[in-house]
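In this note's numbering, the protein residues as written are 2 to 136. Beta carbons are placed, not taken as given, at the ideal position from N, Cα and C, and that holds for glycine. As the structure is a computational prediction, the values presented were derived from the model and not from experiment. To start, the structure itself, in C-alpha cells.
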Amino acid sequence: MPDLPNFHTPLYEVKANLFKGLAHPIRIRLLELLAAAPSVSVTDLIAGTGQEASNISQHLGVLRRHHLVVAERRGLQVFYSLAYPQVAELLAVARSFLTQVLETTQKNLELSVAPAGAEPAAAPAAEAWAKATQP
2 MPDLPNFHTP LYEVKANLFK GLAHPIRIRL LELLAAAPSV SVTDLIAGTG QEASNISQHL
62 GVLRRHHLVV AERRGLQVFY SLAYPQVAEL LAVARSFLTQ VLETTQKNLE LSVAPAGAEP
122 AAAPAAEAWA KATQP
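Following this line, the structure appears as C-alpha cells:
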C-alpha cells in the first residue's frame, strides 16, 4: 500500500488494502496489545507475542505502512501506539461479529443433531471462546 491512497483509487480497493494489512494473526495480536494500553514498548510487544524481534519488526512495519500504528523513540526504546482509536473499535466489532457467528453456528449444529422436539442447549463454546479471546 502506498504511503497515501491515490484519490482516484476506488474506496473498495483502499478498504481491501487495509484488510490486507490486518491479514495476519501476529498483526492482530499486536493491535490487541496496543489497544489495551496508550503505548507499548517493542520489548513488551515481543514478550506479549512470544515472537522473535525480527518477526515483530516486520509486522510492525506492515502496520505502519497501513497507517494503523505510530512509533515514538524514547531514549533507547521504541514505543508503539494505535494511530487512530477507531482501530480498537474495529477489533471490538470483529470480536462481536465472530462471537455472534460462532453462537449461530453452534445453535445450528445443535439443532441438526438434537432429537425432534428437544430444546437446544445454551452456547457454552461461544461463551468460552469470547472469554478466552479477550485481550
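My guess is that residue 70 and residue 83 are in contact by the Cβ rule of under 8 Å, so how many angstroms apart are they, rounded?
6 Å
Could you check if residue 74 is buried or exposed, using at least 16 other CB atoms within 10 Å of its CB as the buried criterion?
exposed
With residue 72 and residue 79 assumed to form a contact (beta carbons below 8 Å), what rounded beta-carbon distance in angstroms separates them?
5 Å
Return the residue from the list 109, 91, 112 and 111 that minimises the CA-CA distance to residue 23.
91
Taking all protein chains shown into account, do 16 or more other C-beta atoms lie within 10 angstroms of the C-beta of residue 46, making it buried, or fewer, making it exposed?
buried
Tell me which residues share the same chain as residue 40 and place their Cβ nearer than 8 Å to its Cβ, disregarding the 5 neighbours each side in the sequence.
73, 80, 81 and 82
Hey, how far is the Cα of residue 64 from the Cα of residue 56?
13 Å
Roughly how many angstroms lie between the CA atoms of residue 9 and residue 16, to the nearest whole one?
14 Å
Which word fits residue 87, buried or exposed, when buried means at least 16 other C-beta atoms lie within 10 angstroms of its C-beta?
exposed
Specify the secondary structure class of residue 80 as computed by DSSP and reduced to three states.
strand
If we count the other Cβ atoms within 10 Å of its Cβ and call it buried at 16 or more, is residue 3 buried or exposed?
Confidence is the limiting factor: at residue 3 the pLDDT is only 44, short of 50, which leaves the residue's position unreliable and the question unanswerable from this model.
If I'm right that residue 50 touches residue 30 with Cβ under 8 Å, what's the distance once you round it to whole angstroms?
5 Å
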